[in-house]
Amino acid sequence: MRKTFGTSGNTGAMGWFFHRLTSIYLAVVLLIHFAVMHFIGDGTITYAKIADRLASPGWKVLDILFLYTGLYHGLYGLWNLLEDYIHNSFWRAFIYFLIAFGGFALVILGTITIVNFKKIGG
Amino acid sequence: MRYKDGYDFSYKLSVGQVAWILHRLSGLALMFYLGLHIWVISNLNGGPLAFNKVMELLNSPVFKILEIGLWGVILYHVLNGIRLLLIDFAGGAKYHKQLFWVVFLIVLILTVLGAIPFLHHLGGLK
């Protein structure tokens, strides 16, 4: 006899759990990120300042993790919100695909920006 | 909404509902911002001249004011998120209303405190 009668067997618990897990990292790193950008120093953001930070492997790893956890958390949250209001199965699939595709594009764009970064000029 | 037979089906907004709606709205705003943010910062790929030109625009007064708003939205989403973690994992459910008012108060104080450096940068006072 089937135990998971009538379900796909996917409860979504892992997605939910990762949403909570990423929130802890994001809460800490987002506040550090915002303070470094706006509260420490003169509040201007320049190419040179970013180049200095990205020269350090620690900042680079922190930023890449920040990018991925932020996108996971944000896109999971967005889908979680939208699926409450969209009941038609075609539109659900359509929006889900749109979020997945947009997320993939942002992962690629963000990864290129951080990983491929090489300082130009003095 | 009140029906003819006298039943009242209106939803009075409770503290928990307001917290939930604000969490959704702030989350939606932050996801919208994150998409724009990744796109704007990808200008780093164009080298220092192109990037600094974009940043000059973002250092203008309009964006400084908008960034104060961003700070407030971030604070609410982060602090209410901590409230949700306390409710889910630390037995905070009994105190969810009190916790909301604690969140509200801290958000208010930190938004005002955070606005000070932004306004200083705005006035060119450093």
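Protein chains in written order, with our numbering: chain A, 1 to 122; chain B, 1001 to 1126. For every residue, glycine included, the Cβ atom is placed at its ideal position computed from N, Cα and C.
- Membership of residue 1095/B in any alpha helix (DSSP H) is not indicated, and neither H nor E is assigned to it by DSSP.
- Nearest Cα to residue 1016/B within the set 1033/B, 1087/B, 1027/B and 1118/B: 1087/B.
- Annotated three-state conformation of residue 1013/B is coil, per DSSP.
- The Cβ of residue 1034/B sits closer than 8 Å to at least one Cβ of chain A.
- Secondary structure of residue 46/A (DSSP, three-state): coil.
- Residue burial is scored here from C-beta neighbours: residue 1060/B has fewer than 16 other C-beta atoms within 10 angstroms and is therefore classed as exposed.
- The beta-carbon of residue 55/A is placed no less than 8 Å from the nearest beta-carbon of chain B.
- Residue 1107/B and residue 103/A have their C-alpha atoms some 30 Å from each other.
- When C-beta atoms of the stretch 1067 to 1074 of chain B are compared with those of the stretch 1098 to 1115 of chain B, three or more pairs fall below 8 Å, so the two segments count as touching.
- For residue 60/A, the CB contacts under 7 Å within the same chain, skipping 5 residues up- and downstream, are 54 and 114 in chain order.
- Annotated three-state conformation of residue 96/A is helix, per DSSP.
- Contact between residue 107/A and residue 71/A holds: CB atoms are separated by about 6 Å, below the 8 Å threshold.
- Here the stretch 1018 to 1037 of chain B makes contact with the stretch 66 to 85 of chain A; the two share three or more CB pairs at distances below 8 Å.
- Along the stretch 94 to 115 of chain A, the positions whose C-beta sits under 8 Å from a C-beta of chain B are 102, 106, 109, 110, 112 and 113, read in chain order.
- The beta carbons of residue 86/A and residue 99/A sit about 11 Å from each other, so the pair does not count as a contact at 8 Å.
- If you draw a straight line from the Cα of residue 110/A to the Cα of residue 67/A, it comes to about 7 Å.
- Per DSSP, the continuous alpha helix (DSSP H) segment holding residue 1052/B begins and ends at 1048 to 1058.
- Burial of residue 1103/B is indicated by the presence of at least 16 other C-beta atoms within 10 angstroms of its C-beta.
- Using a Cβ-Cβ distance cut-off of 8 Å, the stretch 1016 to 1026 of chain B and the stretch 14 to 33 of chain A are not in contact, since fewer than three pairs of beta carbons, one from each stretch, lie closer than that value.
- Residues of the stretch 1070 to 1084 of chain B with a C-beta atom less than 8 Å from some C-beta of chain A are 1071, 1074, 1078, 1081 and 1082, listed in chain order.
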